[in-house]
Amino acid sequence: MLDLKFIRAEPDAVRAAAAKKRIPCDVDRILELDVEVRARGQRFDELRAEQKATGKAMGKASPQERERIIAQQTELKAELKVLEDEVAALKAELQGHLDRVPNIPADDVPDGVDDSDNVEIKRVGEPTSFAFEPRDHVTLAEGQGWLDTIAGARIAGSRNYILKGDLSLLEGAVMRFALEHMVERGFTPLSVPTLVRTEVMYGTGYFPGGEDQAYRCDERDDLCLVGTAEVPVTALHAEEILPLDQLPRRYVALSSCYRREAGAAGRDTRGLYRVHQFQKVEQVVIDIADAQRSIEHHQAILQNAEAVMIALGLPYRVVNVCGGDLGQPQVQKFDIETWMPSREGYGETHSASRFHDFQARRLMLRYRDGEGKVHFCHTLNNTVAASTRMLIALLENCQLADGRIAVPEPLRPYLRGRAVLGQPL
Numbered sequence: 170m171l172d173l174k175f176i177r178a179e180p181d182a183v184r185a186a187a188a189k190k191r192i193p194c195d196v197d198r199i200l201e202l203d204v205e206v207r208a209r210g211q212r213f214d215e216l217r218a219e220q221k222a223t224g225k226a227m228g229k230a231s232p233q234e235r236e237r238i239i240a241q242q243t244e245l246k247a248e249l250k251v252l253e254d255e256v257a258a259l260k261a262e263l264q265g266h267l268d269r270v271p272n273i274p275a276d277d278v279p280d281g282v283d284d285s286d287n288v289e290i291k292r293v294g295e296p297t298s299f300a301f302e303p304r305d306h307v308t309l310a311e312g313q314g315w316l317d318t319i320a321g322a323r324i325a326g327s328r329n330y331i332l333k334g335d336l337s338l339l340e341g342a343v344m345r346f347a348l349e350h351m352v353e354r355g356f357t358p359l360s361v362p363t364l365v366r367t368e369v370m371y372g373t374g375y376f377p378g379g380e381d382q383a384y385r386c387d388e389r390d391d392l393c394l395v396g397t398a399e400v401p402v403t404a405l406h407a408e409e410i411l412p413l414d415q416l417p418r419r420y421v422a423l424s425s426c427y428r429r430e431a432g433a434a435g436r437d438t439r440g441l442y443r444v445h446q447f448q449k450v451e452q453v454v455i456d457i458a459d460a461q462r463s464i465e466h467h468q469a470i471l472q473n474a475e476a477v478m479i480a481l482g483l484p485y486r487v488v489n490v491c492g493g494d495l496g497q498p499q500v501q502k503f504d505i506e507t508w509m510p511s512r513e514g515y516g517e518t519h520s521a522s523r524f525h526d527f528q529a530r531r532l533m534l535r536y537r538d539g540e541g542k543v544h545f546c547h548t549l550n551n552t553v554a555a556s557t558r559m560l561i562a563l564l565e566n567c568q569l570a571d572g573r574i575a576v577p578e579p580l581r582p583y584l585r586g587r588a589v590l591g592q593p594l
């Protein structure tokens with residue numbers, strides 16, 4: 170969330186941010202409510218002071234004066250109760266509006282409506298070419314007996330699947346390689362809950378606005394299944410004040426991820442591109458409130474993910490995400506899109522985001538500087554590897570003419586040294 174003082178001082182910047190992100194935001198109403206809350210709050214304080222003064226006067230008052238004071242106190246109590254209820258209602262309305270205010274996007278975030286307006290800034294490797302007619306990942310995986318979407322749907326509904334045999338092992342190899350890659354780069358590995366409280370979804374910026382995409386437990390439990398380990402990892406130090414000498418914090422976590430994919434009916438229904446559950450290795454950085462350092466961290470976490478793609482020999486590009494495709498909390502986001510032959514184009518596999526103190530304000534995630542002053546932290550995150558989309562890229566780009574899969578060298582130690590998976594089809 171944004172600091173209300175900033176909204177008061179820079180309302181036009183907030184309006185411009187909302188317009189660029191295509192997020193409805195009633196800045197005028199926020200400012201009106203802010204004035205009303207402060208005015209009523211001041212009146213409440215005045216009445217409380219008057220109430221205290223009459224209480225002190227009671228001890229020295231005559232019997233006749235006491236009756237007057239008691240009547241006055243009764244009147245003050247009633248007026249205070251009305252004001253208290255009004256202030257509470259106004260604050261609730263104000264908070265509802267504040268919860269919808271978008272973060273201010275960086276100056277170099279492109280204008281645009283959706284992902285078709287994202288701007289390519291880098292391309293690495295050429296789209297894979299074949300001397301044979303390539304198969305898509307479903308044909309390859311089902312042909313090898315590695316993928317069962319019928320059983321997955323029978324057990325858990327549409328967009329679910331069973332990985333079998335070597336494809337299950339390949340998924341594990343990718344996840345393990347990505348995790349160890351980050352540990353070698355100085356990130357601390359974590360095992361985190363995939364069920365979190367609603368307040369944590371709010372704190373990380375997924376609620377309000379993302380409720381339709383989250384699986385929620387019933388009314389007995391205030392819990393949601395996470396769509397990314399970013400949520401529990403970023404919340405690890407919620408309501409803490411971190412020492413300056415312990416920053417930055419760099420974490421990496423492998424977790425299951427769950428997404429409802431609401432609004433995706435009819436899109437990418439075949440295969441593993443858009444599914445309800447998958448595995449993902451996520452990197453998170455927490456540091457001081459320094460815009461330049463955040464930019465440097467952003468480039469670093471992007472390069473961490475690019476190094477995985479380069480090591481696996483997968484062609485990819487990096488895009489600067491436009492305002493209309495940028496979420497409410499992000500200052501800026503870079504996506505890595507990997508070449509997927511069956512799509513005859515690039516498919517999103519990674520999202521690297523920086524938030525400044527947006528998440529930290531909601532989570533009360535702070536640090537103490539060298540002068541003893543307390544500030545909100547800056548947070549960032551990026552995918553290292555998401556299982557299903559990485560499997561699509563690996564199966565389709567690494568296929569051989571006979572339907573077997575050539576294993577990239579970095580993954581072979583996790584597959585008992587094998588260089589090829591599967592049997593000729």
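Numbering-wise (our numbering), the sequence shown opens with residue 170 and increments by one. Even for Gly, the Cβ is constructed at its ideal location relative to N, Cα and C.
{"Check": "Step through the CB atoms of chain C and report whether any lies within less than 7 Å of the CB of A480.", "Outcome": "Among the protein chains of the structure shown there is no chain C, as only one such chain exists."}
{"Check": "Quick one: grab the DSSP three-state call for Y330.", "Outcome": "coil"}
{"Check": "Use the C-beta contact count for D277: other C-beta atoms within 10 angstroms, 16 or more gives buried, fewer gives exposed.", "Outcome": "exposed"}
{"Check": "For a test of the three-state rule: what should DSSP assign to V490, helix, strand or coil?", "Outcome": "coil"}
{"Check": "Whole angstroms are fine: how far does the CA of D203 sit from the CA of E179?", "Outcome": "14 Å"}
{"Check": "Tell me, please, whether the segment 292-310 touches the segment 485-497 by the rule of three or more beta-carbon pairs shorter than 8 Å.", "Outcome": "yes"}
{"Check": "For R269, collect the residues of the same chain with a Cβ closer than 8 Å to its Cβ; drop the 5 residues on either side in sequence, then sort them by chain order.", "Outcome": "I192, P193, C194, P377, G378 and Q497"}
{"Check": "So, P271 versus A186, is the Cβ gap smaller than 7 Å?", "Outcome": "yes"}
{"Check": "Find the nearest neighbour of L394 within the set Y427, G372, D381 and Y420, judged by alpha-carbon distance.", "Outcome": "Y427"}
{"Check": "By DSSP's criteria, M533 is part of a beta bridge. Which residues make up the other side?", "Outcome": "Note: M533 sits in no beta bridge, so no partner."}
{"Check": "What are the partner residues of G516, as DSSP defines its beta bridges?", "Outcome": "T507"}
{"Check": "Going by C-alpha distance, which of T363, Y515, D414 and A310 is nearest D284?", "Outcome": "Y515"}
{"Check": "Using CA coordinates, which residue listed in E540, I331, E399 and Q501 is at the minimum distance from A320?", "Outcome": "I331"}
{"Check": "Helix, strand or coil for R292 per DSSP?", "Outcome": "strand"}
{"Check": "On the criterion of 16 or more Cβ atoms from any shown chain inside 10 Å, does V421 qualify as buried, or is it exposed?", "Outcome": "buried"}
{"Check": "Whole angstroms is fine: what's the gap from K542's alpha carbon to D387's?", "Outcome": "42 Å"}
{"Check": "Helix or strand or just coil, what does DSSP make of L348?", "Outcome": "helix"}
{"Check": "Could you check which residue in P358, H306 and K260 has the C-alpha nearest to that of R512?", "Outcome": "H306"}
{"Check": "Which same chain residues, not among the five before or five after A257, have their C-beta less than 6 Å away from its C-beta?", "Outcome": "none"}
{"Check": "Considering only the alpha carbon of each residue, which of E517, L534, D538 and E302 lies closest to D414?", "Outcome": "D538"}
{"Check": "What whole-angstrom Cβ distance do R366 and D335 have, given they're in contact under 8 Å?", "Outcome": "Not really, about 38 Å apart at Cβ, beyond 8 Å."}
{"Check": "State buried or exposed for Q461, treating a residue as buried only when at least 16 other CB atoms are found within 10 Å of its CB.", "Outcome": "exposed"}
{"Check": "Quick check on this structure: which residue in E399, H445 and L564 has the alpha carbon closest to the alpha carbon of S522?", "Outcome": "E399"}
{"Check": "So, helix, strand or coil for D538, using DSSP?", "Outcome": "coil"}
{"Check": "Does DSSP put S298 in a helix, a strand or coil?", "Outcome": "coil"}
{"Check": "Is the beta carbon of L216 less than 7 Å from the beta carbon of L249?", "Outcome": "yes"}
{"Check": "Span of the beta strand (DSSP E) holding E451?", "Outcome": "Q446 to D456"}
{"Check": "Rounded to whole angstroms, what is the Cα-Cα separation between E475 and R209?", "Outcome": "54 Å"}
{"Check": "In chain order, what residues of the same chain lie with their CB nearer than 7 Å to the CB of F356, ignoring the 5 residues before and after it?", "Outcome": "R419, Y420, V421 and Q452"}
{"Check": "On the DSSP letters alone, give me the boundaries of the alpha helix (DSSP H) that A422 sits inside.", "Outcome": "First-last for A422: R418 to Y427, but that is the beta strand (DSSP E), not the alpha helix (DSSP H)."}
{"Check": "So for T357, helix, strand or coil by DSSP?", "Outcome": "strand"}
{"Check": "On a CA-only basis, which of F175, E302, L252 and K221 is nearest Q242? Give me that one, please.", "Outcome": "K221"}
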